[in-house]
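Each residue of the sequence shown is one higher than the one before, starting from 6 at the first, in the UniProt record's numbering.
Using N, Cα and C, we set each Cβ at its ideal position, and we do this for glycine too.
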Amino acid sequence: ISIKLVRTIPAGSPTLKDFKVEAVDTPSESSLKPNEVLIRSLYFSCDPYFRGRLSGTKDSYVTSFIPGNPLEGRGIGIVEASTSPKFSKGDMITSAAFKWENYFISSDAQLTNIPSNTGISPGNHLGVLGMPSFTAYVGLVHLCKAQAGETILVSAASGAVGQMVVQLAKTRGLRVIGAAGSDDKVEFVKSLGADVVFNYKTCGNLGDTVKKAAPQGIDIYFDNVGGELLDVALSSMRFFGRIAACGMISQYNATPETAYHIKNLGNVVTKKVTIYGYIVSDYFAKPVYKDFIDEVSARFKKGDIQYKLDEVVGIENAPQALLDLFEGKNFGKRVVKVGGV
Ligand code: NDP
């Protein structure tokens, strides 16, 4: 099976019709060229940045998907056959150019080995040690330099990035306020240690809710959603506050008619706020990546960090699993389980 894009979607909400679930031949071992690897897929990672790759834009940090071609992103798989000296049959690998197919051939340059003795489940290499968790670490620790005693507001706080921000912030001694889109998610974020959590869909006036939760204001806003909550956070920032501009998912399906227009940007000047826009892929080769792996893998193994994976089973369900992200239907880090070890 191969999951292919049917058409590019510059604006508005993608639907299932924009994807094709197509039966394709399994590539044969004999078709491998030198330094290539035949991979059997175990897990795909569903991530909001796919929305930008569906848009057909050429003006992005990452290439757009091409209609007629399979989707690709991060994934975990097993080597079935290899002509590369770096990989052998049975190795577990990960790649950021992992095709949404049961089997595919990749050049060895795009693959990284996952040692068999990590004590971390295959899915959690996309989860607790995956790209979104590292995104949380970069934004909170490396860029915003969170300090004990500060107050942080985290949006999409139960999600792949948010749940890690909450826990890293709590252990650094911050007062943590979370926003989430359902009562179940609110309870989960509280169980992670957040001090105040609200359901942004049912809390009434957002500005009043944030002011009540943080009467002295916010030192750090970790922004996963943009839109109205960003606007509210801007109006509550303290002097020398920092904003991790991580993502703006509320705007990814927006059209010129529905896009939210920010009104409180002036506070960046008057409150001397720093906004850190960043893309996590710039940081994997930097020392902060080792800091992240060391801290989070040790604490996860000790049971001192939780991580909620949200697993959808079956490659044919991958398009819906992706679309769910933009409606808040995932609960935790969304992955698609394609096959077993
Ligand atoms: P999540 O696991 O948090 O899933 C997305 C969540 O966003 C949904 O569950 C929903 O949570 C919330 N959401 C969806 N639509 C809306 C909306 N219209 N308004 C408000 N909230 C909405 O995703 P990730 O943790 O993987 O990603 C979070 C953000 O971080 C995204 O914006 C993503 O693009 C960004 N990101 C940025 C990276 C970077 O390098 N800068 C890297 C990785 C992610 P709820 O039910 O609580 O509303």
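Cβ-Cβ distance between residue i and residue j below 7 Å
i: GLY222; j: SER255; result: no
i: HIS84; j: VAL42; result: Sequence check: residue 84 is Val here, not His. Going by C-beta atoms, VAL84 is nearer than 7 Å to VAL42.
i: ALA162; j: VAL201; result: no
i: PHE49; j: ARG58; result: no
i: LYS9; j: PRO75; result: yes
i: ARG339; j: CYS149; result: no
i: SER100; j: GLN115; result: yes
i: VAL166; j: ASN229; result: yes
i: ARG79; j: MET136; result: yes
i: ARG12; j: TYR257; result: no
The beta strand (DSSP E) enclosing residue i, as first and last residue numbers
i: ALA185; result: 180-185
i: VAL237; result: Segment 232-241 is the alpha helix (DSSP H) holding VAL237; no beta strand (DSSP E) there.
i: SER100; result: 97-104
i: ASP315; result: 314-318
i: ARG12; result: ARG12 -> no beta strand (DSSP E), and no H or E assigned at all.
i: GLU41; result: 41-50
i: VAL340; result: 338-342
Anticipated Cβ contact below 8 Å, residue i with residue j, distance rounded
i: LEU211; j: VAL237; result: 5 Å
i: TYR294; j: PHE139; result: 7 Å
i: VAL143; j: TYR283; result: 6 Å
i: ARG247; j: TYR205; result: Rounded, the Cβ-Cβ distance is 21 Å, inconsistent with contact.
i: PHE109; j: PRO32; result: 7 Å
i: ALA184; j: PHE203; result: 6 Å
i: PHE289; j: ASP315; result: Wrong, their Cβ atoms sit about 24 Å apart, outside the cutoff.
i: residue 5; j: ALA326; result: Residue 5 is absent from the structure shown; the chain starts at 6 and stops at 346.
i: SER46; j: ASN107; result: 6 Å
i: PHE227; j: VAL159; result: 5 Å
i: VAL181; j: ALA153; result: Actually they do not touch by this definition, with Cβ atoms about 12 Å apart.
i: VAL29; j: GLU321; result: At roughly 13 Å, the Cβ-Cβ gap does not stay under 8 Å, so VAL29 and GLU321 are not in contact.
i: ALA219; j: THR156; result: 5 Å
i: PHE244; j: LYS276; result: 5 Å
Which of helix, strand or coil DSSP assigns to residue i
i: PRO90; result: coil
i: GLU332; result: helix
i: ARG177; result: coil
i: PHE24; result: strand
i: THR156; result: strand
i: ILE110; result: strand
i: LEU59; result: coil
Where the alpha helix (DSSP H) through residue i begins and ends
i: LYS276; result: No alpha helix (DSSP H) holds LYS276; DSSP gives it neither H nor E.
Practice task
Under 5 Å from any heavy atom of the ligand NDP, by CB: list those residues in chain order, please.
Solution key: PRO53, PRO137, THR140, ALA161, GLY164, ALA165, VAL166, ALA185, GLY186, ASN229, VAL230, CYS251, GLY252, ILE254, SER255, ILE284, VAL285, LEU330, GLY333 and ASN335
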